[in-house]
Structure formats: C-alpha cells, structure tokens
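Working notes, beginning with the structure itself.
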Ligand code: GRF
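Structure below.
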C-alpha cells in the first residue's frame with residue numbers, strides 16, 4: 040500500500056483482510072512518501088511493515104525507482120494507492136501494469152485531481168461518489184473497477200460530503216481489491232467486466 044496521509048482506506052483494507060473479507064490476502068508493506076503520515080503509525084500498531092521513503096526534492100522517476108525497489112523486495116500481487124499524493128511515473132506503471140489500484144473521491148471521469156469533493160459541490164452536481172480504478176500513466180484515468188454513488192445534500196460542505204463519500208470508499212475498495220486479487224474480471228477496452236471465476 041502506498042499512502043501519504045491519514046490512512047483510513049488503508050485501515051479499511053487491513054480490517055477487511057483481518058476479518059477474512061479479502062480471503063488469502065496479506066498487506067505486506069506500507070510505504071509513505073511523507074514521514075509524518077498518520078497512516079504509518081496505524082500500520083505499525085497492526086504489526087504491518089511500514090517504511091518512509093521521503094520524496095522531497097527528488098525527481099519523479101528517481102523517486103519511483105526507490106519505491107519500486109522496496110516493493111520488489113516483497114513482491115506484491117497488487118499495489119493499492121490510498122491517499123498517495125504523487126503521480127506515478129511511466130516507469131512505475133510499467134513495472135506493475137494492471138496491478139495498481141487507486142481510490143478517488145468522485146465519480147470519474149468527473150472531478151479528477153485534488154479536492155474532488157469541493158469540485159463536485161462547486162459544480163452543483165446532485166450525486167457524487169467514489170471510484171476504484173486501475174492506474175495508468177494518466178492521472179485518475181485508468182479503467183474503472185467499481186464506483187459507488189453518494190447523493191449531495193443542499194446543506195453539504197466539502198467536509199460533510201467527503202465524510203459520507205469516505206464510508207463508501209472504505210466499502211468498495213475492499214470489494215474491488217478482492218475481485219482483482221481473485222482475478223474475477225476481464226478487460227474489454229476501457230471496461231472492466233466482472234466475471235464469476237478466474238478468466
Ligand atoms: C481519500 O478520500 C481518497 O479517495 C483520496 O485521498 C483520501 C485519502 O484518505 N485519494 P485516507 O488517507 O485513506 O484516509
């Protein structure tokens with residue numbers, strides 16, 4: 040898992056693994072590019088290896104080579120980004136193509152990038168939500184595995200909307216990770232079609 044901050048999606052995945060909702064899975068490593076990311080402590084208190092690889096001042100690919108080297112030591116089947124505030128270099132994507140997931144707090148392709156919940160409110164949409172997608176070279180643009188819809192309320196602030204979206208993030212990230220790990224999908228163009236068994 041790669042993260043930069045709070046780590047609530049990491050915790051949700053870790054709890055799903057612990058509860059057997061993602062069978063035969065183990066979170067082998069948490070990497071943060073920020074030393075003070077609360078997610079690191081949350082990993083350590085669960086006995087999960089957590090490493091800081093500081094990104095400050097490093098050029099994108101040089102940094103990604105360090106992260107890829109750390110991942111290669113543990114050989115993950117899946118790399119989950121959860122609040123990881125860096126765009127991956129083509130080098131990184133190539134090393135783990137089709138094996139990187141991200142969660143984004145909007146119904147992509149609406150509102151990619153930062154502050155998606157604020158963007159949704161400012162645009163005036165009546166429904167927003169969250170998206171789990173494969174990561175490719177383009178920001179928030181890879182094939183969509185799963186989405187959940189969250190209605191926008193008239194009284195919403197970016198914070199209140201974000202909070203309700205987060206509940207759905209925690210639910211669908213685990214479901215999507217399970218489907219991908221079990222190989223229960225096939226890809227047709229941009230479409231991720233869910234199947235009943237390994238394709
Ligand atoms: C989430 O809203 C996620 O969708 C976005 O960044 C936030 C991370 O939250 N990419 P957390 O660190 O998982 O609590």
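Numbering (our numbering), first residue to last: 40 to 238.
Where a beta carbon is used, it is the ideal one built from N, C-alpha and C, also for glycine.
No experiment lies behind these values; they were computed from the predicted model shown.
Any heavy atom of ligand 1 within a distance shorter than 7 Å of the CB on residue 92? no
List in chain order the residues whose CB is within less than 5 Å of at least one heavy atom of ligand 1. 44, 45, 46, 47, 48, 121, 122, 142, 144
Exposure label - residue 61; buried when at least 16 CB within 10 Å: buried
Cα-Cα, which of 147, 95, 88 is closest to residue 177? 147
Quick one: Cα of residue 66 to Cα of residue 228, how far? 30 Å
Residue 72 and residue 93 look like a contact to me (Cβ under 8 Å); what is the Cβ gap, rounded to whole Å? 7 Å
Candidates 222, 96, 100, 69: closest to residue 86 by CA position: 69
With distance defined between alpha-carbon atoms, name the residue in 158, 49, 112, 136 nearest to residue 167. 158
With 16 other Cβ atoms within 10 Å as the buried cut-off, status of residue 103: buried
With DSSP as the reference, please indicate the residues paired to residue 139 in a beta bridge. 118
For residue 113 and residue 161, what's the separation of their Cα atoms in angstroms? 42 Å
Please report the straight-line C-alpha distance between residue 180 and residue 56, rounded to a whole angstrom. 27 Å
Cα-Cα separation between residue 207 and residue 189, rounded to whole angstroms: 8 Å
Looking at C-alpha atoms only, which residue of 175, 89, 214 is the closest neighbour of residue 137? 175
When we look at the beta-carbon of residue 192 and count the other beta-carbons within 10 Å, is it buried (16 or more) or exposed? exposed
Grab me the residues of residue 276's own chain with a C-beta within less than 7 Å of its C-beta, minus the 5 sequence neighbours each way, in chain order. Outside the shown range of the chain (40 to 238) lies residue 276, about which nothing can therefore be said.
Which of helix, strand or coil DSSP assigns to residue 216: helix
Would you grab the beta carbon distance between residue 142 and residue 63 for me? Rounded to a whole angstrom, and I think it's under 8 Å. In fact, because the Cβ distance is near 22 Å, the residues do not count as touching under 8 Å.
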